[in-house]
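Heads up, the thing below is written out as structure tokens.
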Amino acid sequence: MNRARKSWFGEWWWTMDRLLLTAFLVLMGAGAVMSFAASPAVAARIGLDPSHFTIRHMAYLLPALLVILATSMLSPKQVRRVCLGLFIVFLAALAATLFIGVEIKGARRWIHLPVVGSFQPSEFLKPAFVVLVAWLMSERMTRPDVPGNLMAGGLLVIVAGLLVQQPDFGQTMLVVGVWVAMFFVASMPWIWVLVIGAGGAGLLGSAYLTLPHVASRINRFLSGTGDTYQTDVALEAISRGGWFGRGPGEGTVKRILPDSHTDFIFAVTAEEFGIIVCIVVVLLFGLVLMRGLWHALKVDDPFCRVAVTGLVTLFGFQSAINMAVNLHLVPAKGMTLPFISYGGSSMIAVAFSMGLVLALTRRRPRVASMRAYEPARPALAAPVSGQPA
Amino acid sequence: MSGEVQKEQAGPRQLTLDGIHKRRLDKGRSRIVIAMVLFFGIYAVIAGRLVQLALYPEQRVARVVNNDTAAVVRPDVLDRNGVILATDVRQPSLFAEPRRIIDADEAAELLAETIPSLNVRELREKLASGRGFVWLKREISPAERAAVHRLGLPGIGFTDENRRVYPNGRTASHLIGHVNVDNQGIAGLERWVDAHRQLQPTMARGTSERPEPVRLALDLRVQHAVHAELTDAMHRYRAIAAAGVVMDARTGEIVSMVSLPDYDPNDPREALLPDRINRVTTGTFELGSTMKSFTAAMALDSGRFSMADRIDARSAIQVGGFSINDFRGQHRWLDFTEAFTYSSNIASARMALALGVQQHQEFLRRFRFFDRLRTELPESAEPQYPRQWVPVSTATISYGHGMTVAPLQAVQGGAALVNGGLLIRPTFLARTEAEAREDAVQIIRPQTSVHMRTLFRANVERGTARRADAEGFDVGGKTGTSEKVVNGVYAKDKRLTSFLAAFPMHSPRYIVFVMLDEPQAVPETNGAATAGLNAAPTAGRIIARIGPLLGVQPRMDRLASAAR
Chain W
1 MNRARKSWFG
11 EWWWTMDRLL
21 LTAFLVLMGA
31 GAVMSFAASP
41 AVAARIGLDP
51 SHFTIRHMAY
61 LLPALLVILA
71 TSMLSPKQVR
81 RVCLGLFIVF
91 LAALAATLFI
101 GVEIKGARRW
111 IHLPVVGSFQ
121 PSEFLKPAFV
131 VLVAWLMSER
141 MTRPDVPGNL
151 MAGGLLVIVA
161 GLLVQQPDFG
171 QTMLVVGVWV
181 AMFFVASMPW
191 IWVLVIGAGG
201 AGLLGSAYLT
211 LPHVASRINR
221 FLSGTGDTYQ
231 TDVALEAISR
241 GGWFGRGPGE
251 GTVKRILPDS
261 HTDFIFAVTA
271 EEFGIIVCIV
281 VVLLFGLVLM
291 RGLWHALKVD
301 DPFCRVAVTG
311 LVTLFGFQSA
321 INMAVNLHLV
331 PAKGMTLPFI
341 SYGGSSMIAV
351 AFSMGLVLAL
361 TRRRPRVASM
371 RAYEPARPAL
381 AAPVSGQPA
Chain Z
390 MSGEVQKEQA
400 GPRQLTLDGI
410 HKRRLDKGRS
420 RIVIAMVLFF
430 GIYAVIAGRL
440 VQLALYPEQR
450 VARVVNNDTA
460 AVVRPDVLDR
470 NGVILATDVR
480 QPSLFAEPRR
490 IIDADEAAEL
500 LAETIPSLNV
510 RELREKLASG
520 RGFVWLKREI
530 SPAERAAVHR
540 LGLPGIGFTD
550 ENRRVYPNGR
560 TASHLIGHVN
570 VDNQGIAGLE
580 RWVDAHRQLQ
590 PTMARGTSER
600 PEPVRLALDL
610 RVQHAVHAEL
620 TDAMHRYRAI
630 AAAGVVMDAR
640 TGEIVSMVSL
650 PDYDPNDPRE
660 ALLPDRINRV
670 TTGTFELGST
680 MKSFTAAMAL
690 DSGRFSMADR
700 IDARSAIQVG
710 GFSINDFRGQ
720 HRWLDFTEAF
730 TYSSNIASAR
740 MALALGVQQH
750 QEFLRRFRFF
760 DRLRTELPES
770 AEPQYPRQWV
780 PVSTATISYG
790 HGMTVAPLQA
800 VQGGAALVNG
810 GLLIRPTFLA
820 RTEAEAREDA
830 VQIIRPQTSV
840 HMRTLFRANV
850 ERGTARRADA
860 EGFDVGGKTG
870 TSEKVVNGVY
880 AKDKRLTSFL
890 AAFPMHSPRY
900 IVFVMLDEPQ
910 AVPETNGAAT
920 AGLNAAPTAG
930 RIIARIGPLL
940 GVQPRMDRLA
950 SAAR
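Quick mapping for you: the protein sequence lines, in order, are chains W and Z. Per the numbering used here, the very first residue in the first sequence carries number 1; after that it's consecutive. Per the numbering used here, the very first residue in the second sequence carries number 390; after that it's consecutive.
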């Protein structure tokens, strides 16, 4: 490949962060291998063909890969447009779940469509939401006359409100957490940090006091008594695995572990492949997080900075909560492990959101990006900002 | 947007113009660094926890139940003298690997012919299921094993499993508990073993090494004596249930615990019947006058009453619209000892009311009568007491009505009354006196305990418990007869009798508790059915049998026959 010649493909390939792309591909591959370990037990338990989930998992890998690559080719402008469109579509779909959604385990989170099959709108809504919020917050930074923060807050209220209605408290927490992280990076004043921190603590406290199931879950976590079956079994699986695991297919605890192919795949991985492999997985997630935030640090464009922070934080929160639940570090909360857990919506949505990260972190000429955001005073800004102090 | 001009010292003579925009960007940068540090910390904690689990595996799931797991190896359970109470024996179990079966129909027919207890249709379903492993019959006999072996069917095999055996049958059923078919403890001490010992599955076990046995405080000889005497008493007094406890007053070790009716842990199906609960730990009862012991102790311990005091029991007293009267009314002033030996309700109520509700509650709380007593046995029950504690509650509770406790709680309290005032948590495991003292709490003054011994002994010498006087063993104790509550009212004809005793009273070593549920008036008891006529003599017979076993020397000066 000739780096001097600026072909369309070469431009895309050489400006993209190939380290991140490699990390994503490795995670997807690891997820495929782990699905061989975790899915047959679940499928057998609910009376399906043992390879039911594994085959589906494989089948989603190709579209996921295409989505990552295609998304990574977008320019920031296109990113905003695509996400605006997706946000409108999936916000409508999310609202529709309340009326036509399929009820599974007491919550309406799924929509069933002919041809497409069933999907979970909230998974796709999350990355689009993050990008729109980043857009609004960065507009506020460059043009104070736009009430960007207020509008970003409005979006949060709408999305969180719909998620609570489903009800899906895990996703609500996630969305609120990511919004706060973005606001934080978009130079939120420290007084707001304190206010939001106090508000969050207050909300948690009142949820503990008023919602009995929240209280019982937290009590069970703290006291270690009562029905902590799932986390106990997960810990048992991890402990049995030891450093090197019991070998592929040799796990036994997975047979009795509910949701072993989604929420508790990490524990199954530990039992069969060992804790060393789990640590490698943690390192991969950590690598994505650090690399993504490093990009956010380097990039000058405020939109890219806030959006990348949001997308990476979403990914980081979700993976950290999932692993911490498996390790009994936090109270049980259903959350999938990005790229690894079984689930078509989740897989495609995570691929889309990481594709966005690749797109927004591509190297671009600096001046161009500065111009794009400071059209008001090109004469003053352009000559001096070439040489920052 | 207003630009700002700033001079910077960094470069030599370099003028830099920074906008709000740029400052915001820089501020944003430091914020991102903070986020990076936070996430780094989170992932470091996760990785650290993984390392911790690798180094120190947690085995908290003893209750994982899976039909296809192999039975685990359990430690032997021994009594305090090393006699085996529970052990494992090897027995073959029959399994199939359906994937390797060639002709499921033929195999099913042949197996059903060989072992008639197997159902052909079920067999066919299992063998044709295509699964990797399935149990056909657990615990078959060597003859059946040989017969199936001769069939020479591929995909059918045997594995030796551990089966739990209780050589003493019913003798200690409620105490030891039992296991399920996978050799997992599901009741009694067996369940405690699962929670506190790391049990290894049979298949993972390379050698025939056995885990360290569990040594109990139980003395099988004493247990047998108590079991035999209570069984006899149940028949003799036509009671529907009986319970008995022998506890070491200095160590809290439970030397014997019996609850009748019981079951055979080798075949624990009966254990599910509702009347087979462990009445000592899982039942709570109004123990009636037995609880007056605690009222008397409270009165003496408070300093407001002394052994020399006299108490007005001339007539019934009125409390909150209730009239409290005596069963054996003397209608006169009673001295303190008489109030105890005549078991006067009026005197007990007067003592408790004189001290007041607050002090009464505080005293009972010291004895942990308001808390569930937790021991090694998983079965326990919450005591019940009035939410609205009014003076009339204090009055009735002073003579044992209006509050229920588990019998073992009364035993724990009874030990404190006579052992010098130490509340020692009861245990089913062997323990030394020094270990017991570590978590013992002084709850009454030693002098009060001395007085209580005098009162208990006086009650056996000349009070309601005369029939408990096992010669030479210096028995002391307090009887109690309460009417059972049926449909919310006290039933005159359904009684619960109990006797809380200790011996030898000059230096109490063992607490003996006997309880009979709905004993009937029989000719032997002169047409009455109070505790002094059934529970007390039962305890007397028990003490006469177990005293020598426990190495308590009968004092010759206390032998009535020697004096004569």
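All residues carry an ideal CB built from backbone N, CA and C; glycine is no exception. The model shown is predicted, which means the values in this text are computed figures rather than measured ones.
Looking only at its chain, what residues have a beta carbon closer than 6 Å to the beta carbon of residue i, apart from the 5 residues adjacent to it on each side?
{"i": "Asn455/Z", "result": "Residue confidence for Asn455/Z is low, a pLDDT of 41 falling below 50, so the modelled location carries little weight; the figure read from the coordinates is stated next. Answer for Asn455/Z: no residue qualifies."}
{"i": "Pro600/Z", "result": "Pro464"}
Apart from the five residues just before and just after residue i, which ones in its own chain have a Cβ nearer than 7 Å to its Cβ?
{"i": "Asn557/Z", "result": "Leu474, Leu609"}
{"i": "Gly709/Z", "result": "Val779, Pro780, Val781"}
{"i": "Arg553/Z", "result": "Arg463, Ala475, Asp477, Val568, Asn572"}
{"i": "Leu360/W", "result": "Pro76, Val79, Cys304, Ala307, Val308"}
{"i": "Ala494/Z", "result": "The identity of residue 494/Z in the sequence shown is Asp, whereas the question assumes Ala. Cβ within range, chain order: Arg513."}
Residue i to residue j, Cα distance in whole Å?
{"i": "Tyr445/Z", "j": "Pro189/W", "result": "44 Å"}
{"i": "Gly417/Z", "j": "Phe315/W", "result": "20 Å"}
{"i": "Ser345/W", "j": "Leu113/W", "result": "13 Å"}
{"i": "Val350/W", "j": "Pro338/W", "result": "6 Å"}
{"i": "His790/Z", "j": "Met680/Z", "result": "9 Å"}
{"i": "Gly955/Z", "j": "Val635/Z", "result": "Because chain Z spans 390 through 953 in this model, residue 955/Z falls outside it and cannot be assessed."}
{"i": "Asp263/W", "j": "Met34/W", "result": "13 Å"}
{"i": "Thr670/Z", "j": "Ala630/Z", "result": "14 Å"}
{"i": "Leu69/W", "j": "Thr172/W", "result": "29 Å"}
{"i": "Arg703/Z", "j": "Arg639/Z", "result": "40 Å"}
{"i": "Ala234/W", "j": "Trp294/W", "result": "34 Å"}
{"i": "Arg846/Z", "j": "Ala854/Z", "result": "9 Å"}
{"i": "Leu812/Z", "j": "Ile900/Z", "result": "13 Å"}
{"i": "Ile643/Z", "j": "Leu507/Z", "result": "44 Å"}
{"i": "His720/Z", "j": "Tyr731/Z", "result": "11 Å"}
{"i": "Glu822/Z", "j": "Ala829/Z", "result": "10 Å"}
{"i": "Leu427/Z", "j": "Leu762/Z", "result": "45 Å"}
Run through the DSSP bridge pairs and tell me what residue i is partnered with.
{"i": "Tyr879/Z", "result": "Val874/Z"}
{"i": "Met904/Z", "result": "Ala632/Z, Ser887/Z"}
{"i": "Tyr899/Z", "result": "Asp637/Z, Phe892/Z"}
{"i": "Ala928/Z", "result": "DSSP output for Ala928/Z lists no bridge partner at all."}
{"i": "Val864/Z", "result": "Answer is none; Val864/Z lacks a bridge partner."}
{"i": "Ser712/Z", "result": "Gln707/Z"}
{"i": "Leu444/Z", "result": "Paired residue(s): none; Leu444/Z is not in a bridge."}
{"i": "Met646/Z", "result": "Val634/Z"}
{"i": "Pro481/Z", "result": "Asp549/Z"}
{"i": "Ala356/Z", "result": "Shown here, chain Z extends from 390 to 953; a query on residue 356/Z therefore has no answer."}
{"i": "Lys526/Z", "result": "Leu483/Z"}
With distance defined between alpha-carbon atoms, name the residue in the options nearest to residue i.
{"i": "Thr560/Z", "options": "Ala497/Z, Asp549/Z, Pro650/Z, Gln777/Z", "result": "Pro650/Z"}
{"i": "Ala160/W", "options": "Glu236/W, Leu66/W, Val176/W, Thr71/W", "result": "Val176/W"}
{"i": "Met137/W", "options": "Thr172/W, Arg108/W, Trp179/W", "result": "Trp179/W"}
{"i": "Ser118/W", "options": "Leu125/W, Arg109/W, Ala43/W", "result": "Arg109/W"}
{"i": "Trp13/W", "options": "Ala30/W, Leu125/W, Leu74/W", "result": "Leu74/W"}
{"i": "Gly521/Z", "options": "Gly803/Z, Val611/Z, Glu486/Z, Ser691/Z", "result": "Glu486/Z"}
{"i": "Leu211/W", "options": "Phe169/W, Glu271/W, Thr54/W, Met58/W", "result": "Phe169/W"}
{"i": "Thr684/Z", "options": "Gly802/Z, Gly541/Z, Arg851/Z", "result": "Gly802/Z"}
{"i": "Gly869/Z", "options": "Lys515/Z, Glu824/Z, Val878/Z, Thr886/Z", "result": "Thr886/Z"}
{"i": "Ser682/Z", "options": "Gly471/Z, Arg820/Z, Tyr879/Z, Gly865/Z", "result": "Gly865/Z"}
Tell me which same chain residues have a C-beta within less than 8 Å of the C-beta of residue i, skipping the five on either side of it?
{"i": "Lys883/Z", "result": "Glu872, Lys873, Val875, Glu907"}
{"i": "Leu578/Z", "result": "Val466, Leu564, Ile565, Gly566, Val603, Leu605, Glu765, Leu766, Phe817"}
{"i": "Ala628/Z", "result": "Ala622, Leu905, Asp906, Glu907, Pro908, Gln909, Asn923"}
{"i": "Ala917/Z", "result": "Ala910"}
Query raised in the report: In chain order, which alpha helix (DSSP H) runs of at least 4 residues are fully inside the stretch 103-143 of chain W?
Result: 121-142
Query raised in the report: Curious, which full-length alpha helix (DSSP H) runs of at least 4 residues does the stretch 775-825 of chain Z contain?
Result: 780-787, 796-807
Report task. Please list the residues of the stretch 164-188 of chain W that have a C-beta atom closer than 7 Å to any C-beta atom in chain B, keeping them in chain order. Result -> Looking at the structure shown, chain B is missing, and the protein chains on hand are W and Z.
**Report entry** In chain order, each alpha helix (DSSP H) run of at least 4 residues that lies wholly inside the stretch 231-272 of chain W
**Finding:** none
Query raised in the report: What runs of the alpha helix (DSSP H), each 4 residues or longer, lie entirely inside the stretch 300-367 of chain W?
Result: 302-326, 344-360
Report task. List in chain order: all unbroken beta strand (DSSP E) runs of 3+ residues lying wholly within the stretch 1-47 of chain W. Result -> none
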